[in-house]
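The sequence shown begins at 231 in the working numbering and counts up by one. Note that the Cβ used here is the ideal one computed from N, Cα and C, for glycine as well. Notes for the one structure printed next.
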Amino acid sequence: FGELTAPAAPAMRRRTEEGDVNYPYVSGADCEPCAGTEGECTVVMKVNHHAGELGYYMVDGCEGVNPTLHLTKDRVYKFDQTDKSNWYHLIGLAYFPDGAHEGVDELEPGIAPGDSTCAEDLTCPAPMYFMDGKYQGVFSNIESIAPLAGDEDFGLDAVEPLFFHPLGDWQGYGAMETYLKFDQDYDDDIFYFCHLHAGMTGRIKLKDAAGNMMSAENKPDIGYEYDIVDGHDGGCGTYGLNPFTLPNDQCPESFVCGPLDAGVQDFATCINSMDCSMLDGMTTNYGGDGITNPAWNDAILFIRQMIPHHQNAVNMAKALIKTGAVACGQTGPTEEGAAQSTACLLEPIALGIIVTQNKQIQVMKGVLEALGVTEMTSDCDFELSDAAASNSTSSASDVAVNSAKLVASFAAGAFAMF
């Protein structure tokens with residue numbers, strides 16, 4: 231393709247409406263960790279994968295997702311990301327939303343907040359990344375955990391690659407903790423974000439020792455709103471499926487045969503809406519975007535087909551986790567050949583689908599944006615013939631099989647070509 235700059239930030243998101251009883255997650259609620267206490271404060275981080283398309287951060291003791299954290303200048307905070315939901319979600323800290331995804335200033339030893347001169351000796355506030363109780367960097371502005379030092383290395387380069395490793399290996403590395411001491415005057419807010427997925431940023435409001443907000447306004451603006459998950463999606467643990475419940479004029483009567491047993495209809499209903507969404511999403515036009523290079527047109531079609539394919543996989547994995555069928559209490563790697571429960575075999579697969587394919591979706595959307603074409607799909611309607619409608623279950627199976635064959639053969643050809 232040549233050089234492409236692929237913006238990773240997602241489109242505008244919808245924010246929870248006040249009083250919306252169908253929405254199970256409050257977002258952006260004010261929260262002061264360790265309020266009323268002194269000394270080092272531990273902030274336990276988790277990720278709720280069902281709270282939006284990508285999931286959002288949760289903080290123990292705070293309401294909802296992506297809370298607005300109130301942190302005090304000169305106090306030491308330890309962000310504990312040991313919980314396995316944090317896999318693929320290393321926290322970062324920045325002066326603007328989404329940090330590295332937007333190419334904006336992050337909290338680093340050589341980046342000064344406001345008019346500070348701390349950059350001159352590389353002592354500006356920065357996160358300090360620990361693994362298994364051991365600091366992975368050199369810079370320090372927290373004498374109680376590492377000797378004071380001005381340096382560009384604050385441990386990020388050592389820790390970030392580990393978040394891409396298999397879940398069991400990642401758990402086996404020990405506690406993942408990030409320390410922060412913001413010790414400068416600053417009249418704007420700062421932000422926490424996910425280093426691996428754009429669109430998960432949350433606000434941090436800084437307070438002085440007397441408890442006064444250093445910035446009364448919420449600035450800078452985050453620039454997008456948070457997802458709403460309600461109705462059918464809320465019950466299934468999915469995202470974006472509310473318009474695709476059956477019956478639907480773009481889809482067969484059913485994709486799942488049966489149910490043949492009592493008590494299994496709920497999950498089948500979720501799967502039916504996923505497959506309807508994927509069928510509709512993968513029914514796309516070829517070309518028509520003003521792109522003259524045939525190879526690019528082929529790649530665009532591949533992406534438009536693969537995004538809904540990935541979204542279906544992510545929703546299927548989320549829905550499976552929502553059922554509780556794959557809840558595994560395992561906290562580390564399993565020795566080769568050791569017996570494992572079905573749940574412990576399937577949970578890493580489901581979580582891996584969610585975190586890796588969501589990341590790939592963002593990359594593919596970025597490529598489309600860089601090529602200057604519509605973000606996801608050039609939709610063309612699909613209608614069942616009368617004969618097919620009379621045998622919709624068989625039609626659904628044929629459509630699914632043929633679609634899978636088409637995508638598989640095209641994907642193979644595309645990768646061979648490039």
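Please classify residue i: does DSSP put it in a helix, a strand, or coil?
{"i": "S257", "result": "strand"}
{"i": "T298", "result": "strand"}
{"i": "K649", "result": "The chain is shown from 231 up to 648; residue 649 falls before or after that span and cannot be answered."}
{"i": "T272", "result": "strand"}
{"i": "D609", "result": "strand"}
{"i": "K314", "result": "helix"}
{"i": "T235", "result": "Low confidence applies to T235: its pLDDT is 40, below 50, so where it sits in the model is not reliable, and the reading given next is rough at best. Looking at T235 - three-state DSSP - the assignment turns out to be coil, as it is neither helix nor strand."}
{"i": "M444", "result": "coil"}
{"i": "K364", "result": "strand"}
{"i": "T514", "result": "strand"}
{"i": "K303", "result": "coil"}
{"i": "K589", "result": "helix"}
{"i": "K449", "result": "coil"}
{"i": "E483", "result": "coil"}
{"i": "T623", "result": "In this prediction, T623 has a pLDDT of 44, which is less than 50 and means its spatial position is unreliable; nothing more can be read from the coordinates."}
{"i": "F384", "result": "coil"}
{"i": "G488", "result": "coil"}
{"i": "L392", "result": "helix"}
{"i": "N542", "result": "helix"}
{"i": "E455", "result": "coil"}
{"i": "C558", "result": "coil"}
{"i": "A547", "result": "helix"}
{"i": "G398", "result": "helix"}
{"i": "G567", "result": "coil"}
{"i": "L531", "result": "helix"}
{"i": "C574", "result": "helix"}
{"i": "C264", "result": "coil"}
{"i": "L581", "result": "helix"}
{"i": "G465", "result": "helix"}
{"i": "E293", "result": "coil"}
{"i": "S507", "result": "helix"}
For residue i, which residues does DSSP report across the bridge?
{"i": "Y286", "result": "N278"}
{"i": "K432", "result": "A quick correction: the sequence has Gly, not Lys, at residue 432. Answer is Y422."}
{"i": "K308", "result": "T272 and Y409"}
{"i": "L598", "result": "L598 is not bridged to any residue."}
{"i": "S370", "result": "A379"}
{"i": "A324", "result": "E336 and F421"}
{"i": "M358", "result": "Y409"}
{"i": "K437", "result": "T302 and M443"}
Does the distance from the CB of residue i to the CB of residue j come in under 9 Å?
{"i": "V277", "j": "S374", "result": "no"}
{"i": "C481", "j": "D510", "result": "yes"}
{"i": "M594", "j": "I537", "result": "yes"}
{"i": "L386", "j": "G402", "result": "no"}
{"i": "C506", "j": "N545", "result": "no"}
{"i": "K589", "j": "Y287", "result": "no"}
{"i": "G465", "j": "D496", "result": "yes"}
{"i": "T586", "j": "G441", "result": "no"}
{"i": "Y359", "j": "V334", "result": "no"}
{"i": "K435", "j": "N448", "result": "yes"}
{"i": "N542", "j": "D609", "result": "no"}
{"i": "A405", "j": "D310", "result": "yes"}
{"i": "V603", "j": "D491", "result": "no"}
{"i": "G596", "j": "D457", "result": "no"}
Can you find a heavy atom of the ligand NAD that lies under 8 Å from the Cβ of residue i?
{"i": "R305", "result": "As presented, the structure is devoid of all ligands, the ligand NAD included, so that no description of it is given."}
Return the chain-ordered list of same chain residues with a C-beta closer than 6 Å to the C-beta of residue i, the five sequence neighbours on each side being excluded.
{"i": "D260", "result": "T298"}
{"i": "P578", "result": "L397"}
{"i": "S503", "result": "L471, F474 and T475"}
{"i": "D304", "result": "D413"}
Cutting at 7 Å between CB atoms, please list the residues of its own chain near residue i, excluding the five before and the five after it.
{"i": "A356", "result": "L337, E338, P339, F369 and F384"}
{"i": "I584", "result": "H279, V544, A547 and K548"}
Excluding the 5 residues flanking residue i on each side, which residues of the same chain have their C-beta closer than 8 Å to its C-beta?
{"i": "E293", "result": "V256, A259 and C261"}
{"i": "V251", "result": "No answer about V251 holds up, because its pLDDT of 40 lies below 50 and its placement is not dependable."}
Taking only beta-carbon atoms, is residue i less than 9 Å away from chain B?
{"i": "M275", "result": "Annotation note: the requested chain B is absent from the structure, which comprises a single protein chain."}
Open item on the list: Count Cβ pairs between the region 412-427 and the region 335-349 that sit closer than 8 Å; are there 3 or more?
Closed with: The region 412-427 makes contact with the region 335-349; the number of CB pairs closer than 8 Å reaches 3 or more.
Task: Inter-stretch contact (C-beta, 8 Å, three-pair minimum) for the region 322-329 and the region 364-384 - done: Taking 8 Å as the limit for Cβ pairs, the verdict is that the region 364-384 does not touch the region 322-329.
Task: Stretch pair the region 567-578 + the region 512-528: three plus CB contacts closer than 8 Å - done: No, because fewer than three Cβ pairs between the region 567-578 and the region 512-528 fall closer than 8 Å, the two stretches do not touch.
Open item on the list: I want to know whether the region 450-470 touches the region 529-537 - three or more CB-CB distances under 8 Å.
Closed with: When Cβ pairs closer than 8 Å are counted between the two stretches, the region 450-470 is seen not to touch the region 529-537, the count staying below three.
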